[in-house]
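S.K.:
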Amino acid sequence: MMKIRILHTADLHLGAKHLSLGDYARERNEDFLKTFDRLIERAISGGAGLFIVAGDLFDRNQVPPGIIERVRSGFKRLEDCGIPSALVPGTHDGIEGSGSILKSIHFPGSVVLSDPRLESPVAVTVNELRVNLYGLGAKPGDENPLPSMKRRDLPGLHVGLLHATLVKAPQWEVKTRDLPVTPKDLAELGLDYIALGHHHSAQVVEHNGRVVAAYSGSPEGKDFTELGPRQAWWVTVGRNEVKLEPERIETKQLASVEIDLTDAPSVDEAVDAIVGACAEASIARVKLTGSPALDIDLNDLRERAQARFDYLEIVDELLLLPDADLELLARENTVRGAFIRQIKNRMQNAQGSDERERLSMAARLALVEFSRREDR
Ligand SMILES: [Mn+2]
């Protein structure tokens with residue numbers, strides 16, 4: 009059987025500065041390195057024949073020596089186990105300007121395909137099978153280099169690596185740094201599989217009902233657009249055969265949620281609501297909305313919620329209604345003012361605390377609604 013098993017990843021962004029995370033940035037940097045280590049371990053324990061990084065292994069072309077050492081020793085472990093690896097530059101570790109970090113470092117046991125056009129594919133041997141590797145480091149402004157990746161008449165399997173933006177039509181606008189490709193472009197290269205990088209969510213690319221390529225997505229969420237579990241692909245490639253299986257890989261999950269505190273009766277329940285909405289996440293951004301009960305201590309809430317996460321960013325969009333404001337609002341010559349006057353009037357005549365509480369809740373809900381209308 010002519011088949012190989014590849015562990016395909018991309019967009020690891022090692023050495024990213026995580027500036028928005030403040031003091032937590034250092035630990036987040038270590039999370040990313042742990043994810044890299046885990047990819048190496050899984051490649052070994054899962055019986056990979058080939059390990060592929062389809063661009064943006066590094067977040068920048070200058071990263072601290074400690075990170076480079078960690079990466080080199082990972083590739084050394086693969087080499088020691090007889091697993092070849094293949095890399096292409098991405099947009100963050102690309103070949104423009106001062107030159108790609110991929111060109112200046114030696115990665116043990118690796119094929120680095122960083123020329124702006126592919127002269128000829130590089131062959132590696134996987135389970136005594138010849139695998140021809142195709143890849144390039146696209147240079148912005150150059151003539152479309154894609155035709156240089158066309159399948160050559162050589163024995164064995166043909167596997168491509170490409171850091172590119174998938175577009176549905178060739179005339180779609182893309183950033184000038186990006187190489188645009190369509191599913192048809194990729195299919196016409198005639199390769200058995202193309203490992204893609206650049207889009208940070210996993211995506212399978214088919215053409216005429218056949219899988220031609222896939223994005224692995226980022227293995228660790230880089231910001232609050234990269235949420236939940238992250239993955240790499242196990243790819244089984246044979247002649248006319250591609251099988252993809254996800255491998256869960258992240259060190260920590262991110263969540264981004266909005267919580268309306270209007271109905272939360274206490275700090276306890278507000279904290280539970282926040283934690284519950286973020287399920288598996290260790291890193292979360294929570295937008296608080298609505299109008300909480302007056303006796304909820306927001307500092308207490310903030311502290312107790314923060315203690316439940318490795319990192320929690322609270323976006324405060326609460327509508328707070330201190331009594332003084334209510335007095336002010338009641339003097340407004342608006343529908344809102346008339347509404348508040350009526351509520352206050354009914355509160356004064358209310359029979360018992362139950363009714364007063366219901367009226368207070370009605371006032372808060374209505375004020376939230378009024379403010380939403382103002383937003384429009
Ligand atoms: Mn990327």
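Residue 73 in our numbering sits at position 65 of the sequence shown; the count goes up by one each step and never skips.
The beta-carbon is built from N, C-alpha and C at its ideal position, and this holds for glycine as well.
Give the DSSP-derived three-state secondary structure of S118 in the structure shown.
M.R.: Strand, per DSSP.
S.K.: Would you say the stretch 281-297 touches the stretch 254-270, given that touching needs at least three Cβ pairs under 8 angstroms?
M.R.: A contact exists between the stretch 281-297 and the stretch 254-270.
S.K.: Give me every residue whose Cβ sits closer than 5 angstroms to any heavy atom of ligand 1, in chain order.
M.R.: Cβ-based neighbours of ligand 1 within the cut-off: D19 and D64.
S.K.: List, from N- to C-terminal side, the alpha helix (DSSP H) runs of 4 residues or more that fit wholly inside the stretch 282-368.
M.R.: Segments of the alpha helix (DSSP H) lying fully in the stretch 282-368: 306-314, 331-338 and 343-356.
S.K.: Between the Cα of H26 and those of N37, H16, L20 and D19, spot the shortest distance and give me the residue it belongs to.
M.R.: H26 has its Cα closest to that of N37, out of N37, H16, L20 and D19.
S.K.: For G30, tell me which candidate among R339, E321, V376 and R354 has the shortest Cα-Cα distance.
M.R.: When each option's Cα is compared against that of G30, the closest is E321.
S.K.: State the start and end residues of the unbroken alpha helix (DSSP H) segment that holds K42.
M.R.: That run of the alpha helix (DSSP H) goes A33 to S53.
S.K.: On a CA-only basis, which of H100, M355 and V343 is nearest S368? Give me that one, please.
M.R.: Answer by Cα proximity: M355.
S.K.: Between the stretch 128-137 and the stretch 145-164, can you find at least three pairs of beta-carbon atoms closer than 8 angstroms?
M.R.: Flag = yes, the stretch 145-164 and the stretch 128-137 touch.
S.K.: Counting pairs of Cβ atoms below 8 angstroms between the stretch 43-59 and the stretch 13-22, do you hit three or more?
M.R.: The answer is yes - the stretch 13-22 touches the stretch 43-59, with three or more Cβ pairs under 8 angstroms.
S.K.: Assign M157 to buried or exposed, taking buried as 16 or more other Cβ atoms, counted over all protein chains shown, within 10 Å of its Cβ.
M.R.: Answer is buried; the Cβ neighbour count reaches 16.
S.K.: Tell me, please, which residues DSSP counts as bridged to R138.
M.R.: Answer by DSSP bridge pairing, in chain order: T133.
S.K.: Is K230 buried or exposed, if buried means 16 or more other CB atoms sit within 10 Å of its CB?
M.R.: Result: buried.
S.K.: Just to confirm my understanding: we take L373, look at its own chain, exclude 5 residues before and 5 after, and list those with CB closer than 7 angstroms. What are they?
M.R.: So the list reads T270, once near-sequence residues are dropped.
S.K.: How long is the line joining the alpha carbons of D64 and D280, rounded to whole angstroms?
M.R.: Distance between the alpha carbons of D64 and D280: 38 angstroms.
S.K.: With a threshold of 16 other CB atoms inside 10 Å of the CB of R366, please say whether the residue is buried or exposed.
M.R.: Answer is exposed; the Cβ neighbour count stays below 16.
S.K.: By how many angstroms is the C-alpha of A313 removed from the C-alpha of D305?
M.R.: Rounded to whole angstroms, D305 to A313 spans 12 angstroms at the Cα level.
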